[in-house]
Amino acid sequence: MSDIEDRVRRLEGRVTELEDQVQLYQLMSSYGPLVDSGDAEATAALWVEDGIYDWGGGGTPEPDGKVKEGAAGAAFSQEAIADMVRGPYHQQIIHEGAGHVIGLPHIVLKGDEAVATSYSRLYRRDGENFRVWRVGANRWEFVRSPQGWRVRRRINCVLNGSQEPRDLLRSGIEG
Amino acid sequence: MSDIEDRVRRLEGRVTELEDQVQLYQLMSSYGPLVDSGDAEATAALWVEDGIYDWGGGGTPEPDGKVKEGAAGAAFSQEAIADMVRGPYHQQIIHEGAGHVIGLPHIVLKGDEAVATSYSRLYRRDGENFRVWRVGANRWEFVRSPQGWRVRRRINCVLNGSQEPRDLLRSGIEG
Amino acid sequence: MSDIEDRVRRLEGRVTELEDQVQLYQLMSSYGPLVDSGDAEATAALWVEDGIYDWGGGGTPEPDGKVKEGAAGAAFSQEAIADMVRGPYHQQIIHEGAGHVIGLPHIVLKGDEAVATSYSRLYRRDGENFRVWRVGANRWEFVRSPQGWRVRRRINCVLNGSQEPRDLLRSGIEG
Chain U
9 MSDIEDRVRR
19 LEGRVTELED
29 QVQLYQLMSS
39 YGPLVDSGDA
49 EATAALWVED
59 GIYDWGGGGT
69 PEPDGKVKEG
79 AAGAAFSQEA
89 IADMVRGPYH
99 QQIIHEGAGH
109 VIGLPHIVLK
119 GDEAVATSYS
129 RLYRRDGENF
139 RVWRVGANRW
149 EFVRSPQGWR
159 VRRRINCVLN
169 GSQEPRDLLR
179 SGIEG
Chain Z
9 MSDIEDRVRR
19 LEGRVTELED
29 QVQLYQLMSS
39 YGPLVDSGDA
49 EATAALWVED
59 GIYDWGGGGT
69 PEPDGKVKEG
79 AAGAAFSQEA
89 IADMVRGPYH
99 QQIIHEGAGH
109 VIGLPHIVLK
119 GDEAVATSYS
129 RLYRRDGENF
139 RVWRVGANRW
149 EFVRSPQGWR
159 VRRRINCVLN
169 GSQEPRDLLR
179 SGIEG
Chain P
9 MSDIEDRVRR
19 LEGRVTELED
29 QVQLYQLMSS
39 YGPLVDSGDA
49 EATAALWVED
59 GIYDWGGGGT
69 PEPDGKVKEG
79 AAGAAFSQEA
89 IADMVRGPYH
99 QQIIHEGAGH
109 VIGLPHIVLK
119 GDEAVATSYS
129 RLYRRDGENF
139 RVWRVGANRW
149 EFVRSPQGWR
159 VRRRINCVLN
169 GSQEPRDLLR
179 SGIEG
């Protein structure tokens, strides 16, 4: 009997880990549809309340917690992330036609925390075709909350040939 | 004993749900290879017999069930989907060099039905490079059949800046 | 009791298969970050020691096991794969800004072997945007080793409109 109980306990642990992996896939694959449809609240709710989204050149957090708009900027709270989605810069991008696509991530789970590494691409409508405006190296740091997995910090760094995005990609892969 | 039986029953349910998620990943990741290799029958077999593939501007189903060819069109049966793959429009695209790429989907499972939201990209050979010809918002509606998951309806709507593709992306994400 | 044992045994088999699927996702999603960050050893360690990476036009293995550099070439060992990553051709690409993105694969598991089919894209920095330099049909052949899944052979064939990449895509999808 105890043998079966051990096997069931181990199975429960393995299934929980698989569910964590899939839940993080689900969270990351919802980012694009939420931000491209312009749902500011639902996008922001992917993060914890004081979560950080640094989309390049953001530097240190702003004491006032305001979003820094533009191609390089950052948001340092759910409220600031929602402001970014509502802001004129992002609104223009999605009203011209845009797709924020998150590729299959590599995920390292450690109990109630996780790190994912993925590529993001921002395609923008350009006449009869689309241009690839940004290809980013992404590091996502997650924490398990009572409501499920949430983003604590996402860093998105354009692959411009410099060391920073290359180091960011490497940082999330073990071995 | 009943405690262990309960735990095993719960595990069976959780594992079935994970398998559903993976089976839908498998179905969606087979679409591109099948349509780019030109296998009309195998592509059509991803759908149920009266399944719908609306790739933009399709409007209402045709009473005659014929495929509407071109950049905007639709097919309203397995047979019409196979006709689309065999048709001169699609054949030209794949003989010039093309990749129909389906991104990591967000999936909402509800028993024997499921909805997936994903981005599609159609890359076409263009000299020494490829151009991104289409970036689409996609909603896939699935039904579990005796032979496994099948597509009941897929809507692919170019991200042209209008409200329709943005609403389509939002429709498949809960919360 | 034996009924419960049977159910637990079946669950163990199903969970192992799901873990295999996820481990292969993890391996494939680590390729891009490793090769774009320039980690030659870690990239090569994804393959078995005599593993093959054929990135187009490679033809038959070289008796001397040396990498054939350039847009079309091949490497026929871990050592040669590491040499490719360290070589001037690849180093120039990543220092100009590049993303090697592997899409969601379709995977066919057969015990200790597996075949995956996926699209690769190589995005290269081009002024304020990126160009899509390569879109490849990919076939990955894996083997389970004592240290986990490893690549025995990867074939990456540009979707140039010819029959070869179309056949390659079709070869890895059952049905």
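Top to bottom, those sequences are chains U, Z and P. So in this note's numbering, the last one in the first sequence is 183, and the numbering has no gaps at all. So in this note's numbering, the last one in the second sequence is 183, and the numbering has no gaps at all. So in this note's numbering, the last one in the third sequence is 183, and the numbering has no gaps at all. Ideal placement from N, C-alpha and C gives every residue a C-beta, glycine not left out.
Taking the alpha helix (DSSP H) that residue i belongs to, which residues open and close that run?
{"i": "aspartate 58 of chain Z", "result": "No alpha helix (DSSP H) contains aspartate 58 of chain Z, which is instead part of the beta strand (DSSP E) from 55-62."}
{"i": "aspartate 14 of chain P", "result": "10-45"}
{"i": "leucine 176 of chain Z", "result": "171-179"}
{"i": "valine 93 of chain U", "result": "86-94"}
{"i": "glutamate 182 of chain P", "result": "Counting along the chain, glutamate 182 of chain P falls outside any alpha helix (DSSP H), and DSSP gives it neither H nor E."}
Have a look at residue i and residue j and give me their C-alpha separation to the nearest angstrom.
{"i": "asparagine 146 of chain U", "j": "serine 10 of chain U", "result": "45 Å"}
{"i": "serine 170 of chain P", "j": "leucine 130 of chain P", "result": "19 Å"}
{"i": "aspartate 44 of chain Z", "j": "arginine 174 of chain P", "result": "6 Å"}
{"i": "isoleucine 12 of chain P", "j": "lysine 118 of chain U", "result": "31 Å"}
{"i": "tryptophan 157 of chain P", "j": "valine 151 of chain P", "result": "6 Å"}
{"i": "aspartate 62 of chain U", "j": "alanine 52 of chain U", "result": "13 Å"}
{"i": "cysteine 185 of chain Z", "j": "glycine 107 of chain U", "result": "Chain Z is shown only over 9 to 183; residue 185 of chain Z falls outside these bounds and no answer can be derived."}
{"i": "glycine 95 of chain P", "j": "glycine 183 of chain U", "result": "22 Å"}
{"i": "tyrosine 127 of chain Z", "j": "glycine 144 of chain Z", "result": "6 Å"}
{"i": "isoleucine 110 of chain P", "j": "tryptophan 148 of chain P", "result": "11 Å"}
{"i": "valine 16 of chain Z", "j": "aspartate 28 of chain Z", "result": "18 Å"}
{"i": "glutamine 34 of chain P", "j": "valine 116 of chain U", "result": "9 Å"}
{"i": "leucine 112 of chain U", "j": "histidine 114 of chain P", "result": "12 Å"}
{"i": "alanine 2 of chain P", "j": "glycine 64 of chain P", "result": "Nothing about residue 2 of chain P can be read from this structure; chain P reaches only from 9 to 183."}
{"i": "glycine 99 of chain P", "j": "alanine 90 of chain P", "result": "According to the sequence displayed, residue 99 of chain P carries glutamine and not glycine. Their Cα atoms are separated by approximately 12 Å."}
{"i": "lysine 76 of chain P", "j": "histidine 103 of chain P", "result": "20 Å"}
{"i": "leucine 19 of chain P", "j": "asparagine 137 of chain U", "result": "48 Å"}
{"i": "alanine 50 of chain P", "j": "leucine 42 of chain P", "result": "7 Å"}
{"i": "arginine 22 of chain U", "j": "valine 23 of chain P", "result": "8 Å"}
{"i": "serine 179 of chain Z", "j": "serine 153 of chain Z", "result": "24 Å"}
{"i": "alanine 48 of chain Z", "j": "methionine 92 of chain Z", "result": "8 Å"}
{"i": "leucine 54 of chain Z", "j": "alanine 122 of chain U", "result": "35 Å"}
{"i": "aspartate 134 of chain Z", "j": "tyrosine 97 of chain P", "result": "22 Å"}
{"i": "glycine 40 of chain U", "j": "lysine 74 of chain U", "result": "22 Å"}
{"i": "aspartate 58 of chain U", "j": "methionine 36 of chain P", "result": "32 Å"}
{"i": "aspartate 14 of chain Z", "j": "isoleucine 101 of chain Z", "result": "54 Å"}
{"i": "glycine 78 of chain Z", "j": "glycine 78 of chain P", "result": "37 Å"}
Taking the continuous beta strand (DSSP E) assigned at residue i, which residues delimit it?
{"i": "alanine 145 of chain Z", "result": "137-153"}
{"i": "valine 166 of chain P", "result": "156-166"}
{"i": "valine 75 of chain Z", "result": "Premise fails: valine 75 of chain Z is in no beta strand (DSSP E) and is neither H nor E."}
{"i": "glycine 107 of chain P", "result": "106-110"}
Closest by CA to residue i, which one among the options?
{"i": "alanine 124 of chain P", "options": "P:Gly46, P:Ile12, P:Arg162", "result": "P:Arg162"}
{"i": "glutamine 155 of chain U", "options": "U:Asp14, U:Gln31, U:Glu20, U:Arg15", "result": "U:Gln31"}
{"i": "tryptophan 141 of chain P", "options": "P:Trp148, P:Leu42, P:Arg132", "result": "P:Arg132"}
{"i": "glycine 181 of chain P", "options": "Z:Ser38, Z:Gly180, Z:Cys165, Z:Leu26", "result": "According to the sequence shown, residue 181 of chain P is isoleucine rather than glycine. Isoleucine 181 of chain P has its Cα closest to that of Z:Ser38, out of Z:Ser38, Z:Gly180, Z:Cys165, Z:Leu26."}
{"i": "glutamate 172 of chain U", "options": "P:Gln34, P:Gly46, P:Gly64, P:Glu25", "result": "P:Gly46"}
{"i": "aspartate 120 of chain P", "options": "P:Glu20, P:Glu25, P:Asp14", "result": "P:Glu25"}
{"i": "alanine 83 of chain P", "options": "P:Arg160, P:Leu177, P:Ser179, P:Leu176", "result": "P:Arg160"}
{"i": "glutamate 87 of chain Z", "options": "Z:Ile60, Z:Leu176, Z:Gly21", "result": "Z:Ile60"}
{"i": "valine 56 of chain P", "options": "P:Ser85, P:Arg18, P:Asn168, P:Met92", "result": "P:Ser85"}
{"i": "arginine 139 of chain P", "options": "U:Ser153, U:Leu167, U:Ala122", "result": "U:Leu167"}
{"i": "leucine 177 of chain P", "options": "Z:Ser153, Z:Ser179, Z:Gly105, Z:Gly21", "result": "Z:Gly105"}
For residue i, which three-state DSSP category applies?
{"i": "aspartate 120 of chain Z", "result": "coil"}
{"i": "alanine 80 of chain Z", "result": "coil"}
Between residue i and the ligand PLP, is there a pair consisting of the residue's CB and a ligand heavy atom that are separated by less than 7 Å?
{"i": "alanine 52 of chain U", "result": "In terms of ligand content, the structure shown is empty, and the ligand PLP therefore cannot be addressed."}
At a Cβ cut of 8 Å, what residues of the region 109-139 of chain Z count as close to chain C, listed as they run along the chain? The structure shown has no chain C; the protein chains it does contain are U, Z and P.
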